[in-house]
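Q: Going line by line, the protein sequences match chains A and B.
Last residue of the first sequence: 166 (this note's numbering), numbering continuous.
Last residue of the second sequence: 166 (this note's numbering), numbering continuous.
The C-beta atom is built at its ideal place from N, Cα and C for all residues, glycine as well.
Here the structure is a predicted model, which means the values were calculated and not measured.
Number of protein chains: 2
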Amino acid sequence: MRISEIGKMICPVARAVNVVGDPWTLMIIRELFLGSRRFDQFESCLGLSPRLLSARIRSLVAEGVVVRSLYQERPKRYEYRLTQKGLDLWPVIMALRAWGDRWEEWPAGPPTTLRHRSCGEVTATEIHCAACGEEMGPTDVVIEQSPTALAERKALARGGTLQDIG
Amino acid sequence: MRISEIGKMICPVARAVNVVGDPWTLMIIRELFLGSRRFDQFESCLGLSPRLLSARIRSLVAEGVVVRSLYQERPKRYEYRLTQKGLDLWPVIMALRAWGDRWEEWPAGPPTTLRHRSCGEVTATEIHCAACGEEMGPTDVVIEQSPTALAERKALARGGTLQDIG
Numbered sequence: 001m002r003i004s005e006i007g008k009m010i011c012p013v014a015r016a017v018n019v020v021g022d023p024w025t026l027m028i029i030r031e032l033f034l035g036s037r038r039f040d041q042f043e044s045c046l047g048l049s050p051r052l053l054s055a056r057i058r059s060l061v062a063e064g065v066v067v068r069s070l071y072q073e074r075p076k077r078y079e080y081r082l083t084q085k086g087l088d089l090w091p092v093i094m095a096l097r098a099w100g101d102r103w104e105e106w107p108a109g110p111p112t113t114l115r116h117r118s119c120g121e122v123t124a125t126e127i128h129c130a131a132c133g134e135e136m137g138p139t140d141v142v143i144e145q146s147p148t149a150l151a152e153r154k155a156l157a158r159g160g161t162l163q164d165i166g
Numbered sequence: 001m002r003i004s005e006i007g008k009m010i011c012p013v014a015r016a017v018n019v020v021g022d023p024w025t026l027m028i029i030r031e032l033f034l035g036s037r038r039f040d041q042f043e044s045c046l047g048l049s050p051r052l053l054s055a056r057i058r059s060l061v062a063e064g065v066v067v068r069s070l071y072q073e074r075p076k077r078y079e080y081r082l083t084q085k086g087l088d089l090w091p092v093i094m095a096l097r098a099w100g101d102r103w104e105e106w107p108a109g110p111p112t113t114l115r116h117r118s119c120g121e122v123t124a125t126e127i128h129c130a131a132c133g134e135e136m137g138p139t140d141v142v143i144e145q146s147p148t149a150l151a152e153r154k155a156l157a158r159g160g161t162l163q164d165i166g
């Protein structure tokens, strides 16, 4: 499979990875959640080349994750904001944050603290069950695959390609 | 900044992205959460070249995300499992899943259903506050950056590089 074919798989993780599972793209989304809006802010805070940055932002706009809007007429200046689709990536960034926070070493202390506005406490993100409200972890759920998703996995396991299946 | 320098940033998201924020790496971790253990399972279910797969698995083992163990002596056969550090990536995969599920089109219905073992219901992952237990979204939290993290951002914004800062 070529990496571009990930986006054709019958798997929600694969589709998400195809749109945002690239290091710079994830860093641009992080930057948007930190409040950056302008191209030059992304460029300086991430230090990546304008060409790479521009390609990734164009792709995020094309995917509807980011919207570009004019905030100044003369000279024309644009800013970028997360759409609802983009804001829905918050759990992804929070999950990466929690993991980096726990498993990397921070000799000068944790780089970020999360504070919950409504209760005012320092917080962390926990995964809870949408049905019963209890906290959940990897061993608490069963992933049930649909017949079409299972058929794709079986075909791939037999050495087929996505083209054979589709 | 080169992509390899992301791993030096004083930011937990950047550090996590440096270790797992690559499309194939995320797909291998998905595969591990789906129960795959053997090299040939990853290879067939993901359809990527043995060379690419091998490089990514080696890197995951080196990072302590995956552990390799012998499960057969003759001929020698190895299997790969998530360590605790690897299992802690579950929220990342679940967040990608939720996003792909919501924002991609599924003409044959959603590819996966999540069932909570203890309550038995079809579930979804919700983010709750670790302090008060309430559900949280992107506008419910304030991200407070540490002095060292802020200093790095300011230096980058002035056009510095991580080398200047470090």
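What did DSSP end up calling cysteine 45 of chain B once you bin it into helix, strand or coil?
A: Here residue 45 of chain B refers to the residue found at position 45 of the second sequence. Helix at cysteine 45 of chain B.
Q: Using a beta-carbon distance cut-off of less than 7 Å, what residues from the region 59–77 of chain B approach chain A?
A: Listed in sequence order: no entries.
Q: Can at least three beta-carbon pairs, one atom from the region 99–111 of chain A and one from the region 6–20 of chain B, be found at a separation below 8 Å?
A: At 8 Å Cβ cutoff, the stretches touch.
Q: Check distances from the C-beta atoms of the region 34–62 of chain B to those of chain A and list, in chain order, the residues that come in under 8 Å.
A: The residues in question are Leu34, Gln41, Ser44, Cys45, Leu46, Gly47, Leu48.
Q: In terms of alpha-carbon separation, which member of B:Thr125, B:Lys85, B:Trp99 lies closest to arginine 102 of chain A?
A: As a position in the first sequence, residue 102 of chain A is number 102, starting the count at 1. Residue B:Lys85 is the option with its Cα nearest to arginine 102 of chain A.
Q: For a test of the three-state rule: what should DSSP assign to glutamate 152 of chain B, helix, strand or coil?
A: Reading the second sequence from its first residue, position 152 is the one you call residue 152 of chain B. The answer is helix: DSSP assigns glutamate 152 of chain B an H, G or I state.
Q: Run down chain A in chain order and give the residues with a C-beta less than 7 Å from the C-beta of arginine 117 of chain B.
A: Along the second sequence, one-based indexing puts residue 117 of chain B at 117. Neighbours of arginine 117 of chain B on chain A, chain order: Asp140, Val141, Val142.
Q: Which residue marks the beginning of the beta strand (DSSP E) containing glutamate 79 of chain B, and which one marks its end?
A: For the purposes of this step, residue 79 of chain B is taken as residue 79 along the second sequence, with counting starting at 1. Per DSSP, glutamate 79 of chain B belongs to the beta strand (DSSP E) from 77–82.
Q: Would the beta-carbon of threonine 123 of chain A fall within 7 Å of that of alanine 98 of chain B?
A: Locating residue 123 of chain A in the first sequence gives position 123, counting from the first residue. Locating residue 98 of chain B in the second sequence gives position 98, counting from the first residue. No, the pair does not count as a contact, with Cβ atoms beyond the cut-off.
Q: What is the rounded straight-line gap between the Cα of glutamate 121 of chain A and the Cα of valine 142 of chain B?
A: As a position in the first sequence, residue 121 of chain A is number 121, starting the count at 1. As a position in the second sequence, residue 142 of chain B is number 142, starting the count at 1. Approximately 10 Å, taken between the alpha carbons.
Q: Flag this pair as yes or no: are the beta carbons of threonine 83 of chain A and valine 67 of chain A separated by less than 7 Å?
A: Your numbering for residue 83 of chain A matches position 83 in the first sequence. Your numbering for residue 67 of chain A matches position 67 in the first sequence. Going by C-beta atoms, threonine 83 of chain A is nearer than 7 Å to valine 67 of chain A.
Q: On the three-state DSSP scale, how would you describe leucine 89 of chain B?
A: Here residue 89 of chain B refers to the residue found at position 89 when the second sequence is read from its first residue. Three-state result, leucine 89 of chain B: coil.
Q: Mind listing the chain B neighbours of glutamate 121 of chain A? Cutoff is C-beta to C-beta under 7 Å, in chain order.
A: Locating residue 121 of chain A in the first sequence gives position 121, where the first residue counts as 1. Those are Ala131, Cys132, listed as they occur along chain B.
Q: What residue range does the beta strand (DSSP E) around leucine 114 of chain B cover?
A: Taking the second sequence and counting its residues from 1, one reaches residue 114 of chain B at position 114. Its beta strand (DSSP E) spans residues 112–116.
Q: Rounded to the nearest angstrom, what separates isoleucine 3 of chain B and arginine 15 of chain B at their Cα positions?
A: The sequence position of residue 3 of chain B within the second sequence is 3, counting from 1. The sequence position of residue 15 of chain B within the second sequence is 15, counting from 1. Spanning the two alpha carbons is a distance of roughly 11 Å.
Q: So which of B:Glu134, B:Leu87, B:Ile29, B:Asn18 has the shortest CA-CA distance to leucine 53 of chain B?
A: The residue labelled residue 53 of chain B in the question sits at position 53 within the second sequence. Residue B:Ile29 is the option with its Cα nearest to leucine 53 of chain B.
Q: Step through the CB atoms of chain B and report whether any lies within less than 7 Å of the CB of glutamine 84 of chain A.
A: Walking along the first sequence from the start, residue 84 of chain A turns up at place 84. Closer than 7 Å: no.
Q: Measuring straight from C-alpha to C-alpha, what distance separates glycine 137 of chain B and leucine 48 of chain B?
A: Numbered from 1 along the second sequence, position 137 holds the residue referred to as residue 137 of chain B. Numbered from 1 along the second sequence, position 48 holds the residue referred to as residue 48 of chain B. Cα to Cα, glycine 137 of chain B sits roughly 36 Å from leucine 48 of chain B.
Q: What residues from chain B crowd round leucine 32 of chain A, counting only those whose CB sits closer than 8 Å?
A: On the first sequence, position 32 is the one that residue 32 of chain A refers to. Near leucine 32 of chain A there are no residues of chain B at all, since even the closest Cβ is about 10 Å away, more than 8 Å.
Q: At a Cβ threshold of 7 Å, is isoleucine 28 of chain B touching chain A?
A: The sequence position of residue 28 of chain B within the second sequence is 28, counting from 1. Not an interface residue.
Q: Consult DSSP for serine 4 of chain B and reduce its assignment to one of helix, strand or coil.
A: Here residue 4 of chain B is taken as the residue at index 4 of the second sequence, counted from 1. Correct three-state label for serine 4 of chain B: helix.
Q: Applying a beta-carbon distance threshold of less than 7 Å, which residues of chain B neighbour arginine 153 of chain A?
A: To locate residue 153 of chain A, count along the first sequence from 1; it is residue 153. Near arginine 153 of chain A (Cβ distances below 7 Å), the residues of chain B are Cys45.
Q: Just reading off the alpha helix (DSSP H) that isoleucine 28 of chain B is part of, what are its end residues?
A: In the second sequence, counting from the first residue as 1, residue 28 of chain B sits at position 28. Segment 23–33, the alpha helix (DSSP H) holding isoleucine 28 of chain B.
Q: Helix, strand or coil for isoleucine 57 of chain B, going by three-state DSSP, please let me know.
A: Indexing the second sequence from 1 puts residue 57 of chain B at position 57. Isoleucine 57 of chain B: helix per DSSP, three-state reduction.
Q: Kindly list, in the order they appear in chain B, the residues whose Cβ is closer than 8 Å to that of arginine 81 of chain A.
A: Locating residue 81 of chain A in the first sequence gives position 81, where the first residue counts as 1. The contacting residues do not exist; arginine 81 of chain A stays about 12 Å from chain B at best.
Q: For glutamate 73 of chain B and leucine 32 of chain A, I'd like the C-alpha separation in whole angstroms.
A: Mapped onto the second sequence, residue 73 of chain B falls at position 73. Mapped onto the first sequence, residue 32 of chain A falls at position 32. Roughly 51 Å between the two C-alpha positions.
Q: Express the C-alpha separation of leucine 70 of chain A and lysine 76 of chain A in angstroms, rounding to a whole number.
A: Along the first sequence, one-based indexing puts residue 76 of chain A at 76. Along the first sequence, one-based indexing puts residue 70 of chain A at 70. C-alpha separation (whole angstroms): 7 Å.
Q: Valine 17 of chain B: buried (16+ other C-beta within 10 angstroms of its C-beta) or exposed?
A: To locate residue 17 of chain B, count along the second sequence from 1; it is residue 17. So valine 17 of chain B counts as buried.
Q: Checking 7 Å against the spacing of the C-beta atoms, do proline 23 of chain B and glycine 64 of chain A come in under that value?
A: Start at 1 with the first residue of the second sequence, and residue 23 of chain B comes out as number 23. Start at 1 with the first residue of the first sequence, and residue 64 of chain A comes out as number 64. No, they are not a contact pair.
Q: Roughly how many whole angstroms lie between the Cα atoms of glutamate 135 of chain A and arginine 51 of chain A?
A: One-based indexing of the first sequence puts residue 135 of chain A at position 135. One-based indexing of the first sequence puts residue 51 of chain A at position 51. Their Cα atoms are separated by approximately 43 Å.
Q: When you compare each of A:Thr25, A:Tyr78, A:Pro91, A:Pro147 to phenylalanine 39 of chain A by their alpha carbons, which one comes out closest?
A: For the purposes of this step, residue 39 of chain A is identified with residue 39 of the first sequence, where counting begins at 1. Per the Cα distances, A:Tyr78.
Q: If you check the beta carbons only, do alanine 95 of chain A and alanine 95 of chain B fall under 7 Å apart?
A: Position 95 of the first sequence, counting from 1, holds the residue named residue 95 of chain A. Position 95 of the second sequence, counting from 1, holds the residue named residue 95 of chain B. In contact: alanine 95 of chain A and alanine 95 of chain B (Cβ atoms closer than 7 Å).
Q: Taking the continuous alpha helix (DSSP H) assigned at arginine 15 of chain A, which residues delimit it?
A: Counting from 1 along the first sequence, the entry for residue 15 of chain A is found at position 15. 12–20 is the extent of the alpha helix (DSSP H) around arginine 15 of chain A.
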